[in-house]
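This report concerns only the one structure given below.
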Amino acid sequence: MFKTILKVTLIGAMALGIPVVAQSYSYSGKILAQETQSQEISSEELQKFVAAIKQIEQIEYKAQEQMAQAVEQEGLTTERFLEIGNSNSNTEVSSQEQEQFSGALAKVQEIAEKAESDKKNVLEEQGFEIERFNQIIAQIQQDPSLKQQVQQMLQK
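With UniProt numbering, letter number 151 in the sequence shown gets 151, and the count goes up by one each step, no holes.
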């Protein structure tokens, strides 16, 4: 199961041209934590943050499933799609596979863009500017007790 999710995450990351980095939370490549000055996080803000993360995770999971289906509908396995996408000049790709890859990539990119838009909408609905959301992520990554608190809240 994890292997499948990882493959699909790689598909989405490749479609957007973003690096894949293992993190405690699965955030979009465009919503990256940045080093920022610490600012107090209220209890209410932390609850909204956790609610946003839960919704974002659902959006990402759904998008990953859709991406895998899109690749398979074009006649490629996720493994072959990734192999072609990461190929160098030594990898042999038939013209049919190249056509399948192009079709799948277009669908994957469309799904990724929709998911990105949906995630931004979640942040807005929870009252977050992307910059503030990133600040909270940075604080969580730097504060072990806060990180543990958030992980516990995510499990509820």
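Each residue gets a CB set at the ideal place from its N, CA and C atoms; glycine is no exception. Note that the coordinates shown come from a computational prediction; the quantities given were computed from them, not determined experimentally.
Close-in-space but distant-in-sequence residues of the same chain around GLN34 (CB under 7 Å, 5 per side omitted): By 1-based counting over the sequence shown, the position of residue 34 is 34. Bear in mind that the predicted position of GLN34 carries a pLDDT of just 39, short of 50, making it unreliable; the figure below should be weighed with that in mind. Excluding sequence neighbours, GLN34 sits near ASN134 and ALA138.
Determine the extent of the alpha helix (DSSP H) in which VAL71 is found, giving its start and end residues. Here the question's residue 71 lines up with position 71 in the sequence shown. Start and end: 43-73.
By a C-beta neighbour count over all protein chains shown, 10 Å radius and 16 as the cutoff for buried, is GLN69 buried or exposed? As a first step, residue 69 is located in the sequence shown; it is residue number 69 there, counting from the start. Exposed, because fewer than 16 other Cβ atoms sit within 10 Å of the Cβ of GLN69.
Out of VAL122, ILE41 and GLU83, point me to the one whose CA is closest to GLN58's CA. As a working note, residue 58 is residue 58 in the sequence shown. The candidate whose alpha carbon is nearest that of GLN58 is VAL122.
Secondary structure at ASN134, three-state DSSP: helix, strand or coil? Here the question's residue 134 lines up with position 134 in the sequence shown. Note: ASN134 maps to helix in three-state DSSP.
Alpha carbon of ASP150 to alpha carbon of ARG132, nearest angstrom: On the sequence shown, position 150 is the one that residue 150 refers to. On the sequence shown, position 132 is the one that residue 132 refers to. Per the sequence shown, residue 150 should be read as Val rather than Asp. VAL150 and ARG132: Cα-Cα distance of roughly 16 Å.
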